[in-house]
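The listed protein sequences derive, respectively, from chains A and B.
5 is the number that the working numbering gives to position 5 of the first sequence; each next residue is one higher, with no gaps.
Position in the second sequence (first residue = 1) + 377 = the working numbering.
Backbone N, C-alpha and C define an ideal beta-carbon position, used for all residues, glycine too.
Remember, it's a predicted structure, so these values are computed and weren't measured experimentally.
Down below is the structure, laid out as structure tokens.
There are 2 protein chains.
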Amino acid sequence: MPNTLPTLETPAAIIDVARMQRNIQRMQQRMDCLGVRLRPHVKTSKCLPVIEAQIAAGAQGVTVSTLKEAEHCFAAGISDILYAVAMAPGKLPQALTLKRQGCELSIITDSVAGARAIVAFGQEQGEALDVWIEVDCDGHRSGIKYDDDALIEVAQVLHEGGMRLAGVMTHAGSSYELNTAEALQRLAEQERYQCVAAAERIRAAGLPCPQVSIGSTPTALSAIDLQGVTEVRAGVYVFFDLVMQNVGVCQADELALSVLTTVIGHQLEKGWIITDSGWMAMSRDRGTQRQQQDFAYGQVCTEDGQWIDGALLQSANQEHGIVTLQTAGGDLTALFPIGSRLRILPNHACATGAQFPHYHALDADGETQIWSRLHGW
Amino acid sequence: MPNTLPTLETPAAIIDVARMQRNIQRMQQRMDCLGVRLRPHVKTSKCLPVIEAQIAAGAQGVTVSTLKEAEHCFAAGISDILYAVAMAPGKLPQALTLKRQGCELSIITDSVAGARAIVAFGQEQGEALDVWIEVDCDGHRSGIKYDDDALIEVAQVLHEGGMRLAGVMTHAGSSYELNTAEALQRLAEQERYQCVAAAERIRAAGLPCPQVSIGSTPTALSAIDLQGVTEVRAGVYVFFDLVMQNVGVCQADELALSVLTTVIGHQLEKGWIITDSGWMAMSRDRGTQRQQQDFAYGQVCTEDGQWIDGALLQSANQEHGIVTLQTAGGDLTALFPIGSRLRILPNHACATGAQFPHYHALDADGETQIWSRLHGW
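Here is the structure:
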């Protein structure tokens, strides 16, 4: 007999497969219209059936945040993989093993020292590694500014050292802090412009730079023109979450990941409903704390997914969540009796998903199946 | 050849075994002197070698936060187990399976409705389940106030329904918000007094209440007298962390859990050192944010564990951490070159440990071995 929501033990991570498929279609169609490849970032789901749905819809290759994700994807037949975290020299042997098995693994760097470490290793091993240079388009994290002299120096070190200079890539991570279409469009154009300009500087120096890779879910869904860009990377769009809703790039009915939870108690004088969805289930991510609407640890919905207006997972201990309602009234023990179930939409799908060994994929018929996900490095 | 810190891939969760053993001894000796049993909460480590070290030192039974932990401990020969989260009716069959295998599993409730659900299930199955009543001693979460009429009502429902009323238990979770010895002693006495008073009320009503269980790491380490208490539960003391240091119940050299990380880049004009310890490794826990000293995402140490004063993991993305130094000066790329390693002490050991499939237990000789831990429910 197939599983359904009422048969699942809680807490459980639920994927609404119909919503997920719509999210995948929406992003893929957008990229198709803009004339660029989509290389989804699989760090959000770390889950093969999700990744396979993205590829079935037209994605070309994947982006990973760990070499374990790369190994997992390659074992499933996905060969074109970009490991989008600056390469630690100590991880080069693991990357080389993948390459020697036939994986088209690309690595990235954003410094002369990093490039020299890659060259030294590649030469020692007699291998031309595929390397992208990370560009910093918004100052939020890693990368070289597009107009920095170091950009050309890194390109020269890699090229002259015999590595394959595959392209430039950037990530406008500061897009998570915005919440208007105008600001997002401006940042999307800044991301595009600076990454394309970096590629043009490298090419003007007589060096190869075939690929220009940009992306974040908010900028990917806001860009009007992607001239000069060859591919876009985006991750969280596959599930969306409350942070993305606050940014303004999705609607409530597009949130595909939720946590199924059971009511285990009440503190009536405080108006508290106690659940078994603590931070071990939701994660400690409070990504909406500084946004226009703070959802605390998550938006509370009925078991079948309807928002309960003003109901928030207000606080969380390890295995206890505390739900509060904006408008009091009614007998909480009758409305939300012990043993009844709720679903909580998370702030940040990447963080909440990571708390679970597997998802329960809920299809349109109400049946669920287990989709396992990666844990660790 | 045995593994050592330099051979480990990063990020990695490191247990300093000598510190852990000292922490275990410290708590056990304290409980022995106070004349109570110690029933450690294994939700912190979720790791059998850690639990076995606690039992070898004198702990009697364990506390768990999930039935998966209970199953894991029972399979390892630990039979006396208290599941310290109010029982969801849907989890009763799983608990009964354990009991029928010979596990002395106790469950808890804090409501008439919860008690009735347990009685109904127990009667249907012809089983007298061992049930403790949760007492709310500080208003921070679940439980019945010791002087609430519902306390006796719940005890009556359980007893008259044929369940075994094993005792009362409470957890002074608000101790995490304190930071003076006086306030901690006061709360420890409040925790003791109210739980003992609850037991006495139940006994005065002619009902059995053999056990009185209290505990949190801060109150356990602050209590002066535990008259009337039969056992203490505490968890995070086994590793301690920056939150506990701010509370004032441990010193820097008692923190036994850290995350080994590799430097992967720099943003020199900002004074940033980029590492591979993002929130996926550290967790999103920001438990020190509202304490006297905010450690951001963690205190940065050298690879061999020496604090680098003023060095914090200032921010974190999924697989990127940004380290900043309080005092600038010196060439960061020379002081912390790409490929060099650091160790980060976490805010909250329970949350950081949960991000890893296993720990690396580092012994006094510098050798490490893998200790696996539980993930999920």
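7 angstroms CB neighbourhood of residue i in its chain, flanking five on each side removed
i: residue 307 of chain A; result: 252, 299 and 301
i: residue 643 of chain B; result: 649, 650, 651, 709 and 710
i: residue 489 of chain B; result: 527, 530, 531 and 534
i: residue 80 of chain A; result: 60, 61 and 104
i: residue 589 of chain B; result: 544, 545, 572, 573, 576, 605, 606 and 607
i: residue 487 of chain B; result: 463, 510, 511, 519, 520 and 521
i: residue 176 of chain A; result: 218, 243 and 247
Partners in chain B for residue i, counting only beta-carbon separations shorter than 7 angstroms
i: residue 142 of chain A; result: 642, 651 and 697
i: residue 155 of chain A; result: Neighbours of residue 155 of chain A on chain B: none; closest Cβ ~16 angstroms, over 7 angstroms.
Cutoff 7 angstroms: residue i Cβ touching any chain B Cβ
i: residue 73 of chain A; result: no
i: residue 350 of chain A; result: yes
i: residue 220 of chain A; result: no
i: residue 346 of chain A; result: no
i: residue 148 of chain A; result: no
i: residue 6 of chain A; result: no
i: residue 88 of chain A; result: yes
Chain-ordered neighbours of residue i on chain B, where CB pairs are closer than 8 angstroms
i: residue 356 of chain A; result: 753
i: residue 285 of chain A; result: 656 and 661
i: residue 11 of chain A; result: 754
Chain-ordered neighbours of residue i on chain A, where CB pairs are closer than 8 angstroms
i: residue 462 of chain B; result: 264, 276, 319 and 320
i: residue 490 of chain B; result: 333, 337 and 338
Neighbour flag for residue i against chain A, beta carbons, 7 angstroms
i: residue 667 of chain B; result: no
i: residue 470 of chain B; result: no
Contacts of residue i in chain A (Cβ-Cβ under 7 angstroms)
i: residue 442 of chain B; result: 318 and 319
i: residue 552 of chain B; result: Result: empty, since nearest Cβ-Cβ is about 13 angstroms, beyond 7 angstroms.
i: residue 487 of chain B; result: 265
Cβ of residue i within 7 angstroms of any chain D Cβ
i: residue 210 of chain A; result: Among the chains of the structure shown, chain D does not appear; the protein chains present are A and B.
Own chain, CB closer than 6 angstroms to residue i, minus 5 neighbours either side, in chain order
i: residue 217 of chain A; result: 234, 236 and 237
i: residue 264 of chain A; result: 274 and 276
i: residue 16 of chain A; result: 256 and 362
i: residue 54 of chain A; result: 24 and 40
i: residue 674 of chain B; result: 659, 690 and 693
i: residue 698 of chain B; result: 652, 654, 655 and 690
Sequence-distant residues of its chain with Cβ nearer than 8 angstroms to residue i (five each side left out)
i: residue 180 of chain A; result: 248
i: residue 399 of chain B; result: 631
i: residue 305 of chain A; result: 16, 258 and 343
i: residue 310 of chain A; result: 325, 326 and 327
i: residue 226 of chain A; result: 34, 35, 36, 192, 214 and 232
Review point. Curious, which full-length beta strand (DSSP E) runs of at least 3 residues does the stretch 516 to 570 of chain B contain?
Key: Fully enclosed beta strand (DSSP E) runs of 3 or longer: 541 to 547.
Next on the checklist: So if I threshold CB-CB distances at 8 angstroms, which residues from the stretch 326 to 337 of chain A count as touching chain B?
Outcome noted: Taking 8 angstroms as the upper bound on Cβ-Cβ separation, chain B lies near residues 333 and 337 of the stretch 326 to 337 of chain A.
Runs of beta strand (DSSP E) wholly within the stretch 608 to 674 of chain B (minimum 3 residues, chain order)
If only complete runs of 3 or more residues are kept, the stretch 608 to 674 of chain B shows the beta strand (DSSP E) at 634 to 644 and 649 to 652, in order along the chain.
Completely contained alpha helix (DSSP H) runs for the stretch 581 to 610 of chain B, where each covers 4 or more residues: Within the stretch 581 to 610 of chain B, the runs of alpha helix (DSSP H) that reach at least 4 residues and sit entirely inside it are, in chain order, 594 to 597.
*Could you run through the stretch 616 to 630 of chain B and flag, in chain order, every residue whose CB is less than 7 angstroms away from some CB of chain A?*
Shown here is that no member of the stretch 616 to 630 of chain B has a Cβ falling below 7 angstroms from a Cβ of chain A.
* To do: Could you list the residues in the stretch 403 to 424 of chain B with a C-beta less than 7 angstroms from some C-beta on chain A, going in chain order?
  => Within the stretch 403 to 424 of chain B, those residues whose Cβ lies closer than 7 angstroms to any Cβ of chain A are, in chain order, 420.
(message) As an exercise, report each continuous alpha helix (DSSP H) stretch of at least 4 residues that is fully enclosed by the stretch 387 to 418 of chain B, in chain order.
(response) Uninterrupted alpha helix (DSSP H) stretches at least 4 residues long and entirely within the stretch 387 to 418 of chain B occur at 394 to 411, given in chain order.
Could you name the residues of the stretch 494 to 518 of chain B whose beta carbon sits closer than 7 angstroms to any beta carbon of chain A, in the order they occur along the chain? Residues 494 and 518.
ask   = What are the complete beta strand (DSSP E) segments, minimum 3 residues, inside the stretch 333 to 361 of chain A?
value = Annotation: the stretch 333 to 361 of chain A contains the following complete segments of the beta strand (DSSP E) (minimum length 3 residues), in chain order: 341 to 345.
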